[in-house]
Amino acid sequence: MATPQQIIYDTAIKAGLSDTTAKLLIGQSAHETGNWTSNAYKKHFNGFGYTYYAGSKWQTGNKGLIADNKQPVADYRNLSDSTNEVIDWLKRRQAQGKFKISDLNTPEKYAKALEDNNYYTDNYAIYVKGLVIGMKKWAGNLTTTTKVGIGSVLVLGIIFYLGYRYFKNK
33 MATPQQIIYD
43 TAIKAGLSDT
53 TAKLLIGQSA
63 HETGNWTSNA
73 YKKHFNGFGY
83 TYYAGSKWQT
93 GNKGLIADNK
103 QPVADYRNLS
113 DSTNEVIDWL
123 KRRQAQGKFK
133 ISDLNTPEKY
143 AKALEDNNYY
153 TDNYAIYVKG
163 LVIGMKKWAG
173 NLTTTTKVGI
183 GSVLVLGIIF
193 YLGYRYFKNK
């Protein structure tokens with residue numbers, strides 16, 4: 033069974049995000065959920081402290097438990113849906129010109145972008161520290177578990193062979 037960090041990483045990579053952003057999401061989730069031990073995560077697969085929003089395509093439509101901010105947390109079918117919700121949030125803010133996701137390549141820049149867009153109410157320095165600790169503890173050397181098909185391997189082999197032949201004859 034895949035770990036929470038592997039699920040987040042694979043979901044982010046599949047959505048077209050970079051390795052760095054995927055690992056920032058892991059740090060964020062670890063921080064928001066107390067390393068995936070919070071009731072919001074255990075009861076609702078809510079990996080990012082996301083608030084319930086009626087009409088969300090990723091949420092189940094059920095309200096979760098009431099959070100510190102007195103709002104119900106979002107309820108998800110699985111952690112991948114929770115991750116996709118946050119990825120969509122990031123992409124919406126990028127489309128609005130609020131930041132460029134690829135520029136959020138450090139915990140400091142990522143936390144600042146979230147803070148500037150009212151994602152969290154925590155202290156900035158504490159949030160950055162949470163991201164750093166979460167990334168160091170859980171992101172490590174993750175790589176995608178996406179399987180490569182035989183067709184892809186064959187195409188790559190042909191490309192390398194043709195490149196070899198081309199440069200050999202030069």
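For the sequence shown, our numbering assigns the number 33 to the initial residue and increments by one for each residue that follows. Backbone N, C-alpha and C fix where the C-beta goes; we use that ideal spot for every residue, glycine too. Quantities reported herein were computed from a predicted structural model and do not represent experimental measurements.
| Item | Value |
| --- | --- |
| Is glycine 181 buried or exposed, if buried means 16 or more other CB atoms sit within 10 Å of its CB? | Legend: pLDDT at glycine 181 = 47, less than 50; position of this residue unreliable, value from coordinates given subsequently. Exposed: under 16 other Cβ atoms inside 10 Å. |
| Between aspartate 100 and threonine 153, what straight-line distance do the alpha-carbon atoms span, to the nearest angstrom? | 10 Å |
| Grab me the residues of glutamate 140's own chain with a C-beta within less than 6 Å of its C-beta, minus the 5 sequence neighbours each way, in chain order. | Val160 |
| Tell me whether leucine 49 sits in a helix, a strand or coil according to DSSP, three-state version. | coil |
| Where does the unbroken alpha helix (DSSP H) through alanine 171 begin, and where does it stop? | Alanine 171 -> no alpha helix (DSSP H), and no H or E assigned at all. |
| Hey, out of Ala34, Thr43, His63, whose CA is closest to alanine 143's CA? | His63 |
| What separation, rounded to the nearest whole angstrom, lies between the Cα atoms of lysine 74 and aspartate 148? | 29 Å |
| Three or more C-beta pairs under 8 Å: does that hold for the segment 79-86 against the segment 115-127? | yes |
| Relative to the C-alpha of serine 112, which candidate in Ala127, Thr92, Ile133, Arg124 has its C-alpha closest? | Thr92 |
| Anyone know if the C-beta pair for glycine 172 and asparagine 67 falls short of 9 Å? | no |
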